[in-house]
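Report on the structure given below.
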Amino acid sequence: MAFTTREIESPDPVTRVVAADAAVHTDGSDIGEKMVLNMGPSHPATHGVLRLVLELDGEIIVNATPDIGFLHRGDEKIAEAMQYNQFVPYTDRLDYLAPLANNVAYALAVEKLMGWEIPPRGKAIRVICCELARISAHLMGFGAMALDLGAMTVFLYTFEEREKIYDLCELLTGARFTTSYTRIGGQIRDLPPNFIPQLNSFLETFTPRLDECDRLLTRNRIFVDRTRDIGVIPRDRAIAYALSGPNLRGSGVEHDLRRKHPYLDYDQYDFDVVVGTAGDCYDRYLVRIEEMRQSAKILRQVVDKLPNGPINVADWKNMLPPKARVMTKMEELIHHFIVVTEGLKAPPGEIYFGAENPKGELGFYINSRGGGVPHRLKIRAPSFVNLSILPELLPGCMMSDVVAVLGSLDFVMGECDR
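In this text, residue positions in the sequence shown follow the numbering used here: the first is 61, and each later residue adds one.
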């Protein structure tokens, strides 16, 4: 377990002003008329179509009500009307900043229902996908947070690194954004020959650039003043609200599904679960910075240990057979036709699988009555759960603190509204 470091003292002037102003308004007196302010749903600091109804007493927020659903598409109902394989592209549109990780989480859920375990090389490729997605999402998260607080240089640096990750995604999957790379039972294709050299090249330059972003922000007096002791989530409240991911670990809870309930052979890799101490915006930022270093550490280990062999489950009655055999063998041709038209034959039953995605625990509950279509599919979206604490978190903050709190929670409305 690794703890974040907090070397900067709390900014006394701002703290004194906020404390004094709050003390004036706790005696039940009403100095002035409260104002109701709509923030969003098209506000740049909400990072999507989130509407906040804020009740203000001067500069102090006294009540906050999130209004969500502007990006609702009915993904769970859509899943009930299509084959398991056909739903993979829809998972790209959940946390659209980490589509590779979404694909993997959904595939692992269906594979748990099927009783499958993919070969070691397939697992290693999925770990690469998940950790690249984690780095990309965290770069966007703390880069956008820095931009909202006035640090534009860091935002440009993070997008430069994300562009390199998109180049890797394009090389691996043929797409830069909505990848749909993972298949139930494996991957659509193996790693291209030049992927590992390009990944190594990225890792060589990424860590120094991350250190540079760290130096620009972590000890920056303005950034520290805007995030230290702001939006504090105590450990017990984080647990009570079922927060997950960096927002939970920032409050001092050492909970990471890659370590607590290992999947994809994560127990074979050496990495630290990063936790904070104070649970404020600053700690959540520090957790994400260090998590990217740990992801780079995992990627280097995967490259060093990358096994040879197949990448897909060899169940040709439920998996698409190799194209060469489809063109020459009648049995494989028949199985190919059945899998495409009817989908895989899932057994009756119900399962839940949760994966440690960049935003937190992305979970899929599947209720199957047999056949190629789920009877019920429930998506546990971490952004939806993490946003639920806003009505408790924002009251008492100043209006100018809202952008820092929202940026530190790092949510995606495509996943929240689904």
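C-beta: ideal position from N, C-alpha, C; glycine also.
Note that the structure is predicted; figures quoted are calculated from it, not measured.
When the Cα atoms are used, T242 and V292 turn out to be separated by approximately 37 Å. In the three-state DSSP reduction, L231 falls in the helix class (H, G or I).
Boundaries for R286: no beta strand (DSSP E) harbours it, while the alpha helix (DSSP H) harbouring it runs R281 to T287, taken from the DSSP string. Distance check between I282 and each of I121, V363 and Y342 places Y342 closest, using alpha-carbon atoms only.
Taking the C-beta atoms as reference points, V113 is found no nearer than 8 Å to K94. Beta-bridge pairing by DSSP links P451 to no other residue.
With fewer than three CB-CB distances shorter than 8 Å, the region 201-215 does not count as touching the region 158-172.
Annotation for A300: the continuous alpha helix (DSSP H) segment containing it runs R295 to A300. Taking 8 Å as the cut-off, the beta carbon of F215 is found no closer than this to the beta carbon of Y345. DSSP places K172 inside the alpha helix (DSSP H), whose first and last residues are P159 to M174. Between the alpha carbons of L317 and G423 lies a gap of roughly 11 Å.
Per the coordinates, the alpha-carbon of P179 lies some 7 Å from the alpha-carbon of V373. Shown here, S428 sits in a strand according to DSSP, grouped into three states. Taken in chain order, the whole beta strand (DSSP E) runs of length 3 or more contained in the region 98-127 are 111-117 and 120-127. Excluding its 5 nearest sequence neighbours in each direction, S443 has C-beta neighbours in its own chain below 6 Å: K419, F471, V472, E475 and C476, listed in chain order. With respect to L447, E140 sits apart: the two C-beta atoms are not nearer than 8 Å.
Counted as a single uninterrupted DSSP element, the beta strand (DSSP E) harbouring I439 occupies residues R436 to R440.
Within the DSSP bridge table, the entry for E416 names E421 as partners.
Taking G430 as reference, the option from Q143, K137 and S261 with the minimal CA-CA separation is Q143. Counted as a single uninterrupted DSSP element, the alpha helix (DSSP H) harbouring Q354 occupies residues C341 to K365.
Residues of the same chain with a CB within less than 8 Å of the CB of T238, apart from the 5 flanking positions on each side, are P149, D152, R153, Y156 and P159 in chain order. Beta-bridge partners assigned by DSSP to T242: Q247. If you look at V399, you'll find it in the alpha helix (DSSP H) that goes M390 to E402. Taken through DSSP and simplified to helix, strand or coil, V187 comes out as helix. The beta-carbon separation of R319 and V333, rounded to 5 Å, stays under the 8 Å limit for a contact. The beta carbon of S102 lies closer than 8 Å to those of V109 in the same chain, with the five residues before and after it left out. Three or more Cβ pairs closer than 8 Å define a contact, and the region 217-230 meets that threshold against the region 258-268. Leaving aside the five residues that flank T287 on each side, the residues in its chain whose CB is nearer than 8 Å to its CB run, in chain order, L209, D340, C341, Y342, Y345, A464 and S468. A direct Cα-Cα distance of roughly 16 Å separates C190 from F413. Cβ neighbours of L324 within its own chain (closer than 6 Å, five residues either side excluded): K183, R186 and V187.
Classified as buried, G245 has 16 or more neighbouring CB atoms from the shown chains inside 10 Å of its CB. Counting other Cβ atoms within 10 Å of its Cβ, I394 stays below 16 and is therefore classed as exposed. 8 Å or more divides the Cβ of I398 from the Cβ of E410. Per DSSP, the continuous alpha helix (DSSP H) segment holding N260 begins and ends at F255 to L277. Residue state for E177 is assigned as coil, using DSSP reduced to three classes.
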